[in-house]
Structures are given as structure tokens and as C-alpha cells.
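Engineer:
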Amino acid sequence: MPMPKTARLKPSTNQTTVSASACNGIRNIKPAKTTCPRRCSKPLIQPYGKQARKNKRRNLMDNMLTLAAGPAALRHIREHGLCPDDIATIFGASGAAKWLAIAGLDRAIFANWMAGRTNTAPVDLYGTSVGAFKLAAAARRDPAHALATLAQAYIAQSYSDALTPDTIANETHKTLIRFLGDGSEDLSQGVSEILTSPQYHLHIGAVRAHGLLNSDRRGRKILALTRGFVRSASGRNALRGMAERAVFSDPRSDLHFDARDGLPVNHRTLTAQNFYDALRASGTIPVYMRPVRLADDASHSYLDGGLLDYHPVPGSFWPTSDGIVLYPHFYDHFKIRWFDKFAPWRKAGQHLLENVVMVAPGPAFIRALPDAKLPSRQDFTKYRRREGVRFDKWQAIVRQSDALGERFIELCKTGDIAAHIRPL
Numbered sequence: 113m114p115m116p117k118t119a120r121l122k123p124s125t126n127q128t129t130v131s132a133s134a135c136n137g138i139r140n141i142k143p144a145k146t147t148c149p150r151r152c153s154k155p156l157i158q159p160y161g162k163q164a165r166k167n168k169r170r171n172l173m174d175n176m177l178t179l180a181a182g183p184a185a186l187r188h189i190r191e192h193g194l195c196p197d198d199i200a201t202i203f204g205a206s207g208a209a210k211w212l213a214i215a216g217l218d219r220a221i222f223a224n225w226m227a228g229r230t231n232t233a234p235v236d237l238y239g240t241s242v243g244a245f246k247l248a249a250a251a252r253r254d255p256a257h258a259l260a261t262l263a264q265a266y267i268a269q270s271y272s273d274a275l276t277p278d279t280i281a282n283e284t285h286k287t288l289i290r291f292l293g294d295g296s297e298d299l300s301q302g303v304s305e306i307l308t309s310p311q312y313h314l315h316i317g318a319v320r321a322h323g324l325l326n327s328d329r330r331g332r333k334i335l336a337l338t339r340g341f342v343r344s345a346s347g348r349n350a351l352r353g354m355a356e357r358a359v360f361s362d363p364r365s366d367l368h369f370d371a372r373d374g375l376p377v378n379h380r381t382l383t384a385q386n387f388y389d390a391l392r393a394s395g396t397i398p399v400y401m402r403p404v405r406l407a408d409d410a411s412h413s414y415l416d417g418g419l420l421d422y423h424p425v426p427g428s429f430w431p432t433s434d435g436i437v438l439y440p441h442f443y444d445h446f447k448i449r450w451f452d453k454f455a456p457w458r459k460a461g462q463h464l465l466e467n468v469v470m471v472a473p474g475p476a477f478i479r480a481l482p483d484a485k486l487p488s489r490q491d492f493t494k495y496r497r498r499e500g501v502r503f504d505k506w507q508a509i510v511r512q513s514d515a516l517g518e519r520f521i522e523l524c525k526t527g528d529i530a531a532h533i534r535p536l
């Protein structure tokens, strides 16, 4: 039987809501309740009109950016907020084209936010693969231009013909010279800017190969990776004995690395002579690309740093300090090894992320991207015959990523970051 008009609920600006009995259809109205006592998921009285639109915009902004921190960093931000002077280190992860989704965030951090730093202590930068590429660009004198150039160079890679080690090497080379040499084969100016930067000390992560993984023969490398994949089912150190970290550090740095995860660190000095090879090695995907051999260590091949440090985490090997590790990232979690990609349950624990502040795209941002997903290295193959489509989608993603940087800076300036950040 329909309810009389006097008992029907109408939208109201007060907080009058319906009791449990009214939720069951009985005419009984009580004040001072904001949700259904039957524990329905939504309030009984929904905002509407201007308030509803305001709430929608607020929720969209809140879901645009994901902010999370390890225990020590979380305490610091909730008590003091976050400013550029708090930052001791900035990390960059492997992830190929996924980086494009945070290109605007990185530009805002390095070109705008970090420009307000008054602390004169150099900030350490550590990255693997494309994470190393972007941090090298960020350490140049004009980070906004260098990062924008890197993004455009990465998008412009063309694989309309066969995807071979030669074509990949050629496109990677063109990418590197565009942001390091401003299109010239002479990289001396860009490398000099990085190695003399008063603000940053760059550290490039790669892998120094042993055994089967050290072979130049494709079949042996495939066998090594297959063994590593099988062994990864029992733990993270699947490549122990076949690979060690190689960290190329700014010669001015006095950092010493302590491998707490059982994988040794081969610490090398980054120089003008080995800079290009170190950076190229950091992004050299095994099997798909030819390994890099250094002039002073020709007996070992150097490969993608993401094999061991896919999303590098400080707790694995980085020197302990009280400073904040800022981590612009494209995911809301960290996969330590490359093989961890295939194990959804395997993520970096909180104990490895004590001082980390992660800044990543939120679900609302990702839903608004073309195809509602992050760009991927597989897009090179997917759009091989329609490269113009890939170019347009990736350009749109880079443009949209500017909003992440604007939101991050806004939250830091207003102090609202303390209310938005969550535990890692």
C-alpha cells in the first residue's frame, strides 16, 4: 500500500533521517541519525544540487592523487607537513612507458617544487631503467625542458618495422641523445651539467651479469631467465649467483651501500666516459636488447637494473638516514624484483619503506586516461601498424599528467597533505 504524502521523505537541508523501522517501510521519523541503522552503505539523505556537485569535485580531486608514506615519513608529515627541505633522496622505478603517466608530476616536482629548496645539502637521485633516464634529465640545469624532451623522445620511438635488437638499440640511442645532447651526438654538455649539479647527486642502477646471464648468446640468456623465473616461486633472490647490483654513483658522493637483501652491490664511479654506457645499461632489457660491456670490465655484461630493483626500495640496500625518500610512482605499491610482477601477492613490506613518501596517480586519474589504463611497453607492438594512434594517446596522457603535479604542490603548500596521506 503506498505511503501517505505526509510520511514521504523529501530532500532537506537539515539532518533529519529515517530510523530502522522507517527503513523497513513503517512511518516513523526520528532526528539526529545520518545513516540507516540497518547499516546501508549510503546516507538516507543524499546531498543534491550545488552541494552534490561540490562533493563530487572534492571526491574527484581526492581520488586523483594517491599519497602514502612509511611509518617515519607518515609521522613527520602529520606533524610538520612536507616541504622540499625535507627531501634527502628521490627514487625512480623501472616501468617503461608507464612513466609517461607521471611525466607532468615529475616536471612539477623538479622544475617548480624543488626549486624552492633552501637546504644546500645535495639530494641523492637513484633510479633503474626509465627511472634512471628521468632522474638524469631532472638533474640537468633546466629540468622542465629536459624532462619534456625525454617524454617526447620516448613517445616518438618508432617500431613500424620489425622489433629487433638493432631497431630497439637505435631508438633507445635516439631517445638518450635527444635529452642528453639536445639532439646532438655530443653529450658532453648534458653530462657535465649532471655531474656538476650543485643540487643533485645521480646514482644509476644496473645489473652486472654472471654465468648464463652473462652470455651474449640469446638462447643462454633465455635459459638463465627461465631458471630465475622458476626459482622465483620460492623467494625473491631467484637471480642470486647470476646477477649483482651495479650502482654508478656521482664521484662527489660519499654514500656506501649495504646489501641487506643478500644481493651484493658492485659500486662504481659515474664519469663522463662511462655515463652513456651506464645509462644505456640500466635500460637494457635482456634478450630484447644487446648487453652493454664497459671498457674497464669487458668480461661482464651489464643489463636492466629493473631485474633486481624493478621498483627499488631503500630498505634493500640504501644507506639508512633520517631524510625523506620522495618516490613519484605510477603504481600505489612496489614490486621489488622484475619476477615479482607475476606474483600479485608479492609487494614490498612497510619495513623496507620507513622514510618513503609515495606520490602516485589515483583511481580517478587512471579512469580518465585513454583506455582507462596506464600506457605500456606492449603498446609498441599493439599499435605497430597504427603508430599515429599510439602517439596521440600517449601525448594525451602526458598532458593529463600535469594535473598530478599541480595537485601535489597544492597539497604541500596548503598543508592538506597531512589529511590526505595514508600508511604504505
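Under this note's numbering, read the sequence shown as residues 113 to 536, first letter to last. A virtual CB, placed ideally from N, CA and C, is assigned to each residue, including glycine.
(1) May I have the straight-line CA-CA distance separating Pro473 from Ala355, to the nearest angstrom?
(2) Does Gly353 come out as helix, strand or coil in the three-state DSSP assignment?
(3) Determine contact between the stretch 507-520 and the stretch 206-215, defined as no fewer than three beta-carbon pairs at a distance below 8 Å.
(4) Select from Val377, Ser296 and Thr284 the residue whose C-alpha is nearest the C-alpha of Val319.
(5) Would you kindly work out how many angstroms separate the C-alpha atoms of Thr342 and Val399, rounded to a whole number?
(6) Going by beta carbon distance, what residues of the same chain come within less than 7 Å of Ala184, once the five residues before and after it are set aside?
(7) Nearest to Arg339 by CA position, among Arg519, Ala350, Asp273 and Asp218, is which residue?
(8) How big is the Cα-Cα spacing for Gly293 and Gln311?
(9) Between the Cα of Gly374 and those of Phe442, Ser428 and Arg332, spot the shortest distance and give me the residue it belongs to.
(10) Distance check for Lys485 and Arg479, CA to CA, integer angstroms please.
(11) Kindly list the residues whose CB is nearer than 6 Å to the CB of Ala384, restricted to its own chain and excluding five residues on each side of it in sequence; keep chain order.
(12) Check whether the Cβ atoms of Met176 and Pro277 lie closer than 7 Å to each other.
(13) Does the Cβ of Ile334 have 16 or more other Cβ atoms within 10 Å, making it buried, or fewer, making it exposed?
(14) Measure the beta-carbon distance from Phe451 to Ser344 and round it to whole angstroms, keeping in mind my assumption that it falls under 8 Å.
(15) Determine, using beta carbons only, whether Gly182 and Gly243 come nearer to each other than 7 Å.
(16) Are Met470 and Ala256 closer than 7 Å when you measure CB to CB?
(17) CA-CA distance, Ile202 and Val437?
(18) Does the stretch 271-286 touch the stretch 229-240, meaning 3 or more C-beta pairs lie closer than 8 Å?
(19) Which whole-angstrom value describes the C-beta separation of Gln462 and Leu367, a residue pair presumed to lie in contact below a C-beta threshold of 8 Å?
(20) By the three-class DSSP mapping on this structure, what secondary structure does Tyr443 have?
(21) Could I get the ranges of all uninterrupted alpha helix (DSSP H) runs contained in the stretch 168-214, with 4 residues as the minimum, in chain order?
(22) If we call anything under 7 Å between Cβ atoms a contact, is Ile189 one with Ala248?
(23) Starting from the C-beta of Arg496, find all residues in its chain whose C-beta is less than 7 Å away, skip the five residues before and the five after it, and write them out in chain order.
(24) Using a 10 Å radius around the Cβ and a threshold of 16 neighbouring Cβ atoms, would you call Asp408 buried or exposed?
(25) Would you list the one or two residues that DSSP bridges to Met401?
(26) Buried or exposed: Val425, going by 16 or more other Cβ atoms within 10 Å of its Cβ?
(27) Rounded to the nearest angstrom, how far is the Cβ of Lys186 from that of Ala215, given a contact under 8 Å?
(28) Starting from Arg343, trace the beta strand (DSSP E) in both directions and tell me its first and last residue.
(29) Along the alpha helix (DSSP H) that carries Tyr422, what are the first and last residues, could you check?
(30) For Leu536, does the three-state DSSP call read helix, strand or coil?
(31) Do you know offhand how far Trp225's Cα is from Ala358's?
Structural biologist: Let me spell this out:
(1) Spanning the two alpha carbons is a distance of roughly 32 Å.
(2) Coil.
(3) The stretch 507-520 is in contact with the stretch 206-215.
(4) The residue with the shortest Cα to Cα distance from Val319 is Val377.
(5) A small fix is needed here, since residue 342 is Val in this sequence, not Thr. Approximately 17 Å between the Cα atoms of the pair.
(6) Only Glu466 and Asn467 meet the Cβ criterion.
(7) The shortest Cα separation from Arg339 among Arg519, Ala350, Asp273 and Asp218 belongs to Ala350.
(8) Going by the C-alpha atoms only, they are around 20 Å apart.
(9) The shortest C-alpha separation from Gly374 is found at Ser428.
(10) Straight-line Cα distance between these residues: approximately 7 Å.
(11) Within the same chain, Cβ atoms closer than 6 Å to the Cβ of Ala384 are found at Val303, the five residues on either side in sequence being excluded.
(12) No. Outside cutoff.
(13) Taking a 10 Å sphere around the C-beta of Ile334, we find fewer than 16 other C-beta atoms and assign the residue as exposed.
(14) That pair is a contact at about 4 Å.
(15) No, these two residues do not count as a Cβ contact at 7 Å.
(16) Judged by beta-carbon spacing, Ala256 lies beyond the 7 Å limit of Met470, meaning their Cβ atoms are not closer than that value.
(17) Ile202 and Val437 have their alpha carbons spaced roughly 5 Å apart.
(18) At 8 Å Cβ cutoff, the stretches do not touch.
(19) Not a contact, Cβ separation roughly 23 Å.
(20) If DSSP states are grouped into helix, strand and coil, Tyr443 belongs with coil.
(21) Counting whole runs of 4 or more residues, the stretch 168-214 contains the alpha helix (DSSP H) stretches 183-192.
(22) No, the pair does not count as a contact, with Cβ atoms beyond the cut-off.
(23) Only residues of its own chain outside the window of five on either side were considered, and among them Tyr271 and Ser272 have a CB closer than 7 Å to the CB of Arg496, listed in chain order.
(24) That one is exposed.
(25) Met401 has no beta-bridge partner at all, per DSSP.
(26) Looking at its Cβ environment, which holds 16 or more other Cβ atoms inside 10 Å, Val425 is buried.
(27) The sequence as given places Leu at residue 186; Lys does not occur at that position. No, Leu186 and Ala215 are not in contact; Cβ-Cβ is about 27 Å, not under 8 Å.
(28) The continuous stretches of beta strand (DSSP E) do not include Arg343, which lies in the alpha helix (DSSP H) extending over residues Arg330 to Arg343.
(29) From DSSP, Tyr422 is part of no alpha helix (DSSP H); its letter is neither H nor E.
(30) Collapsing the DSSP output to three states places Leu536 in coil.
(31) Taking the straight line joining both Cα atoms gives about 30 Å.
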